[in-house]
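Data block below; observations after.
Protein chains: 2
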Amino acid sequence: MAHVSIIDIARLAQVSPSTVSRALQNHPRISPERRAEIVALAEQLGYRPSQVARSLVTGQTHTLGVVASDVTDPFVAEVLKGVEAAARRADYGLLMAMSNRDPAQEIEAAAVLLDHQVDGLIVISSRAPERYRHLPRTRAHAVGGAVPVVLLNHDFSEAGVYSVRMDNAGAASAAVTLLSQLGHRHIAFIAGPGGGQSSHARMTGYLQGLALNHLTPLPELILQGAGMLEDGWEALAALQAMQPRPTAVLCYNDLAAMGLLAAAAKAGVGVPDALSVVGFDNIPLSAYTVPALTTVEQPKAALGQAAVRTCLRALAGEPAPPVVMSGQIILRASTGPCRLPSAVG
Amino acid sequence: MAHVSIIDIARLAQVSPSTVSRALQNHPRISPERRAEIVALAEQLGYRPSQVARSLVTGQTHTLGVVASDVTDPFVAEVLKGVEAAARRADYGLLMAMSNRDPAQEIEAAAVLLDHQVDGLIVISSRAPERYRHLPRTRAHAVGGAVPVVLLNHDFSEAGVYSVRMDNAGAASAAVTLLSQLGHRHIAFIAGPGGGQSSHARMTGYLQGLALNHLTPLPELILQGAGMLEDGWEALAALQAMQPRPTAVLCYNDLAAMGLLAAAAKAGVGVPDALSVVGFDNIPLSAYTVPALTTVEQPKAALGQAAVRTCLRALAGEPAPPVVMSGQIILRASTGPCRLPSAVG
DNA sequence: AGAACATGAGCAAACGTTTGCGCAAGCACA
DNA sequence: TGTGCTTGCGCAAACGTTTGCTCATGTTCT
Numbered sequence: 002m003a004h005v006s007i008i009d010i011a012r013l014a015q016v017s018p019s020t021v022s023r024a025l026q027n028h029p030r031i032s033p034e035r036r037a038e039i040v041a042l043a044e045q046l047g048y049r050p051s052q053v054a055r056s057l058v059t060g061q062t063h064t065l066g067v068v069a070s071d072v073t074d075p076f077v078a079e080v081l082k083g084v085e086a087a088a089r090r091a092d093y094g095l096l097m098a099m100s101n102r103d104p105a106q107e108i109e110a111a112a113v114l115l116d117h118q119v120d121g122l123i124v125i126s127s128r129a130p131e132r133y134r135h136l137p138r139t140r141a142h143a144v145g146g147a148v149p150v151v152l153l154n155h156d157f158s159e160a161g162v163y164s165v166r167m168d169n170a171g172a173a174s175a176a177v178t179l180l181s182q183l184g185h186r187h188i189a190f191i192a193g194p195g196g197g198q199s200s201h202a203r204m205t206g207y208l209q210g211l212a213l214n215h216l217t218p219l220p221e222l223i224l225q226g227a228g229m230l231e232d233g234w235e236a237l238a239a240l241q242a243m244q245p246r247p248t249a250v251l252c253y254n255d256l257a258a259m260g261l262l263a264a265a266a267k268a269g270v271g272v273p274d275a276l277s278v279v280g281f282d283n284i285p286l287s288a289y290t291v292p293a294l295t296t297v298e299q300p301k302a303a304l305g306q307a308a309v310r311t312c313l314r315a316l317a318g319e320p321a322p323p324v325v326m327s328g329q330i331i332l333r334a335s336t337g338p339c340r341l342p343s344a345v346g
Numbered sequence: 002m003a004h005v006s007i008i009d010i011a012r013l014a015q016v017s018p019s020t021v022s023r024a025l026q027n028h029p030r031i032s033p034e035r036r037a038e039i040v041a042l043a044e045q046l047g048y049r050p051s052q053v054a055r056s057l058v059t060g061q062t063h064t065l066g067v068v069a070s071d072v073t074d075p076f077v078a079e080v081l082k083g084v085e086a087a088a089r090r091a092d093y094g095l096l097m098a099m100s101n102r103d104p105a106q107e108i109e110a111a112a113v114l115l116d117h118q119v120d121g122l123i124v125i126s127s128r129a130p131e132r133y134r135h136l137p138r139t140r141a142h143a144v145g146g147a148v149p150v151v152l153l154n155h156d157f158s159e160a161g162v163y164s165v166r167m168d169n170a171g172a173a174s175a176a177v178t179l180l181s182q183l184g185h186r187h188i189a190f191i192a193g194p195g196g197g198q199s200s201h202a203r204m205t206g207y208l209q210g211l212a213l214n215h216l217t218p219l220p221e222l223i224l225q226g227a228g229m230l231e232d233g234w235e236a237l238a239a240l241q242a243m244q245p246r247p248t249a250v251l252c253y254n255d256l257a258a259m260g261l262l263a264a265a266a267k268a269g270v271g272v273p274d275a276l277s278v279v280g281f282d283n284i285p286l287s288a289y290t291v292p293a294l295t296t297v298e299q300p301k302a303a304l305g306q307a308a309v310r311t312c313l314r315a316l317a318g319e320p321a322p323p324v325v326m327s328g329q330i331i332l333r334a335s336t337g338p339c340r341l342p343s344a345v346g
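Chains A and B supply the protein sequences, listed in that same order. Numbering-wise (our numbering), the first sequence opens with residue 2 and increments by one. Numbering-wise (our numbering), the second sequence opens with residue 2 and increments by one.
See the structure below:
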């Protein structure tokens with residue numbers, strides 16, 4: 002027995018297919034009795050409407066596209082979870098693709114999703130925002146013309162491109178202030194992937210924080226990284242070699258911080274006594290490191306939800322202003338007062 | 002300017018739409034010149050075929066459904082990544098939904114994905130395999146009748162349901178043997194979520210491992226858990242209270258192990274001196290704990306790829322026998338020789 | 001030279017919905 | 001009783017493809 006269609010129901014109910022269609026979508030001009038009869042019949046036959054056929058005529062798939070840089074990154078995973086929950090609540094499907102942190106793959110993935118006629122696109126941690134400008138995203142019945150793209154953790158303003166992000170700069174600056182208040186004068190920064198807005202903004206915030214606390218920014222205190230465990234792991238040696246030696250480190254994310262923590266433990270560098278470490282993201286694991294990681298909470302699930310909300314707003318033709326959420330410092334055990342006399346002063 | 006369709010091309014090339022369609026899919030009965038002309042025109046117009054329309058007539062969406070228990074679990078994320086990569090390579094889209102470890106949500110998600118006419122379904126860590134038996138998954142043009150379901154880390158054999166998993170029991174048993182060889186006589190086990198096959202199999206393997214090494218299984222040495230950080234964290238107190246006190250613990254997964262590690266560090270219980278800890282999954286972070294975690298490697302990406310391969314095989318009508326991969330113990334620093342004289346014996 | 005066949009292309013149906021329009025019957029109003 | 005509005009439903013087009021069939025032309029074989 003094949004798939005039961007609206008026509009089968011029509012035949013059995015002795016009505017036209019259009020009547021069945023209207024009955025099932027609660028069209029006002031269908032008599033209550035007919036509706037009841039048809040609904041019952043549909044239920045009984047186990048009728049499930051063909052989303053594909055529906056999409057073809059309406060031009061909407063009721064599906065959102067998500068391109069994520071890498072689900073393996075706990076931050077991304079948490080955001081994705083928020084996106085999924087919100088999409089499900091709004092009865093939207095989720096078509097997923099991964100960019101593997103590569104701009105080319107990102108844009109390619111976006112194109113593929115658009116080919117599948119997603120109603121909207123959400124990009125978690127874009128690395129190539131400017132390329133959405135020329136991405137053809139016209140749709141057959143498109144409401145506002147193009148399918149909306151919402152960039153998560155990127156502020157790129159362009160028609161049809163929306164933005165949901167955290168106040169990375171503010172949070173990073175606050176983290177530096179915290180360290181400064183603990184007495185640290187030499188604060189290093191392990192940067193994140195180039196191309197990402199969040200990396201750039203956190204760097205900016207780091208510098209702002211230094212300025213705010215009258216600390217002199219030293220280029221050599223900034224280490225390159227990509228937001229991965231290895232970054233922190235490898236950073237320790239560089240930190241140890243610095244003159245003056247930093248007593249605190251702000252990391253691009255928790256992953257880098259955890260790498261650093263592991264390296265410190267291995268090298269016998271006491272945290273926080275010899276080195277204070279601050280992460281970013283507050284991934285679940287950060288509460289379980291040794292010592293527990295002081296970090297900046299990002300409202301990950303909320304960011305995901307906001308992205309979906311923004312996308313749906315844009316779809317509805319409503320205004321969808323940029324969303325900026327603020328972080329909050331989670332004080333745990335990886336930070337402490339500066340124990341070393343400042344080598345320079 | 003709206004979406005350019007096959008008809009627009011046909012008009013411009015002065016041919017029929019069918020010719021355009023055939024030209025674009027390299028049908029043999031189209032002259033090379035025509036094909037070239039049409040292909041060029043399509044390229045120039047930026048033509049992108051409507052997957053929706055195509056799906057309607059072919060009955061295939063070229064899309065796989067994935068229901069994951071929780072992307073936030075690093076194991077799941079890694080597997081998902083493998084699935085995504087393999088699907089992309091095969092030119093398949095990925096429709097994603099999350100079950101949040103809830104059987105009801107799992108089956109509901111599966112139904113939603115099926116409504117979107119996914120060609121196949123991959124379930125990462127199913128908790129309700131038996132319910133796929135009665136899930137209506139007939140398709141209009143279905144090749145083999147029903148859309149294939151491949152269960153990842155579950156062995157449930159039923160027509161149309163395929164299985165890709167790891168040899169959980171064998172690996173768990175091997176882990177116990179390792180601990181036994183290190184001199185441990187009292188080995189505890191923190192179990193995983195009930196309902197999951199992997200949890201059950203690892204438990205079985207644990208018991209087999211005990212038997213194999215002539216250790217007596219004690220019910221009180223088995224703690225309940227759900228494969229989460231908190232499990233390990235909370236387990237420490239229980240372990241400490243046990244008589245005889247276990248000197249080693251096998252955990253359902255790395256997450257639980259990391260929770261335990263954190264708790265041990267906080268309580269001043271030396272690992273591995275006072276307590277050896279073995280995890281499961283070998284998530285990336287497990288190499289960066291303090292001490293680094295001894296664990297069982299699961300070929301996560303390979304599992305994901307195998308799931309896609311199996312699904313595609315089933316779709317092609319080829320035989321798709323169950324896949325069983327074997328794990329391998331990764332020896333790191335959280336395990337060591339038993340230092341305590343056995344209290345009993 | 002006739003038959004059989006290969007080549008290149010078009011016609012039209014089909015996929016399963018949604019929806020604008022038309023139409024008949026019933027009703028209220030003047 | 002005629003006019004106009006409402007209610008309930010059907011007709012048919014449309015969405016953008018794919019594909020079985022048909023058909024004309026050219027080619028090769030006997």
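Built from N, CA and C at the ideal position, the CB exists for glycine as well. In this text, all values refer to a predicted model and were calculated from it rather than measured experimentally.
Closest to residue 400(B) by C-alpha separation, out of 109(B), 186(B) and 235(B), would be which residue? With chain B running from 2 to 346 in the structure shown, residue 400(B) is simply not present.
Closest to residue 27(A) by CA distance: which of 323(A), 39(A) and 16(A) is it? 39(A)
CB of residue 293(B) within 8 Å of CB of residue 333(B), strictly: At a Cβ-Cβ threshold of 8 Å, residue 293(B) and residue 333(B) count as neighbours.
Contact between the stretch 312–323 of chain B and the stretch 285–304 of chain B: three or more CB pairs below 8 Å? no
Looking at C-beta atoms only, is the number of pairs between the stretch 204–219 of chain B and the stretch 174–184 of chain B that lie closer than 8 Å three or more? yes
Tell me which residues share the same chain as residue 75(A) and place their Cβ nearer than 8 Å to its Cβ, disregarding the 5 neighbours each side in the sequence. 255, 256, 282, 284, 285 and 286
What are the complete beta strand (DSSP E) segments, minimum 3 residues, inside the stretch 142–218 of chain A? 150–153, 162–167 and 188–191
Chain-ordered neighbours of residue 78(B) on chain A, where CB pairs are closer than 7 Å: 72, 73 and 78
Determine the contact status of residue 159(B) and residue 128(B), defining contact as a CB-CB distance below 8 Å. no
What's the call for residue 155(A), buried or exposed, on a 16-neighbour Cβ count within 10 Å? buried
Under 7 Å Cβ-Cβ, which residues of chain A neighbour residue 56(B)? Ordered by position in chain A, the residues that pass the 7 Å Cβ test against residue 56(B) are 53.
Does any residue of chain B bring its CB to less than 8 Å from the CB of residue 26(A)? Taking CB atoms only, residue 26(A) has no neighbour in chain B less than 8 Å away.
Measuring only the C-alpha atoms, how far is residue 324(B) from residue 223(A)? 48 Å
Quick check on residue 168(A) - is its C-beta less than 8 Å from some C-beta in chain B? no
Starting from residue 243(B) and walking both ways along the beta strand (DSSP E), at which residues does that stretch end? Annotation: residue 243(B) is outside any beta strand (DSSP E) and is labelled neither H nor E by DSSP.
May I ask you to check if the CB of residue 236(B) is nearer than 7 Å to at least one heavy atom of the ligand MG? Absence of the ligand MG is noted for the structure shown, with no ligands found whatsoever.
List, in chain order, every chain B residue whose beta-carbon is nearer than 8 Å to that of residue 98(A). Result: 85, 89, 94 and 95.
Tell me where the alpha helix (DSSP H) around residue 305(B) begins and ends. 301–316
For the candidate residues 238(A), 120(A) and 248(A), whose alpha-carbon lies nearest to that of residue 340(A)? With distances taken between Cα atoms, residue 340(A) lies closest to 248(A).
Any idea what DSSP makes of residue 53(B), helix, strand or coil? In the structure shown, residue 53(B) sits in a helix (DSSP, three-state: H, G or I).
Chain A contacts made by the stretch 26–52 of chain B, where a contact means CB separation under 9 Å: 47, 49, 50, 51 and 52
Which residues, in order along the stretch 297–310 of chain B, keep a beta-carbon less than 8 Å from a beta-carbon of chain A? Residues of the stretch 297–310 of chain B whose Cβ lies closer than 8 Å to any Cβ of chain A: none.
Taking Cβ positions, are residue 206(B) and residue 171(B) nearer each other than 8 Å? With respect to residue 171(B), residue 206(B) sits close: the two C-beta atoms are nearer than 8 Å.
So for residue 229(A), helix, strand or coil by DSSP? coil
Rounded to whole angstroms, what's the CA-CA distance from residue 48(A) to residue 7(A)? Just pull it up for me. 8 Å
Just to make sure I have the definition right: I need the residues of chain A whose C-beta is within less than 9 Å of the C-beta of residue 260(B). Which are they? Going along chain A in sequence order, the residues near residue 260(B) (Cβ under 9 Å) are 289.
So what does residue 329(A) bridge to, in DSSP terms? Its beta-bridge partners are 298(A).
Which residues DSSP lists as bridging residue 69(B), in chain order: Residue 69(B) pairs with 99(B) and 125(B).
Ordered along the chain, which non-local residues of its own chain (more than five positions away) have a Cβ less than 8 Å from that of residue 277(B)? 180, 183, 185, 248, 249, 250, 295, 335, 336, 337 and 339
Start-to-end residues for the beta strand (DSSP E) that takes in residue 222(A): Premise fails: residue 222(A) is in no beta strand (DSSP E) and is neither H nor E.
Chain B contact residues for residue 118(A), given Cβ-Cβ distances below 8 Å: 51, 52 and 53
Chain B partners of residue 230(A), CB-CB under 9 Å? 285, 286, 288 and 289
Going by C-alpha to C-alpha distance, which of 162(A), 165(A), 193(A) and 71(A) sits closest to residue 173(A)? 193(A)
Does any residue of chain A bring its CB to less than 8 Å from the CB of residue 133(B)? It does not; no Cβ of chain A falls within 8 Å.
Work out the CA separation of residue 87(B) and residue 242(A) for me, nearest whole Å. Using only the alpha carbons, I get a separation of about 43 Å.
Can you name the residues of chain B whose CB is closer than 9 Å to the CB of residue 104(A)? Those do not exist, as residue 104(A) stays about 16 Å from chain B at its closest Cβ, beyond 9 Å.
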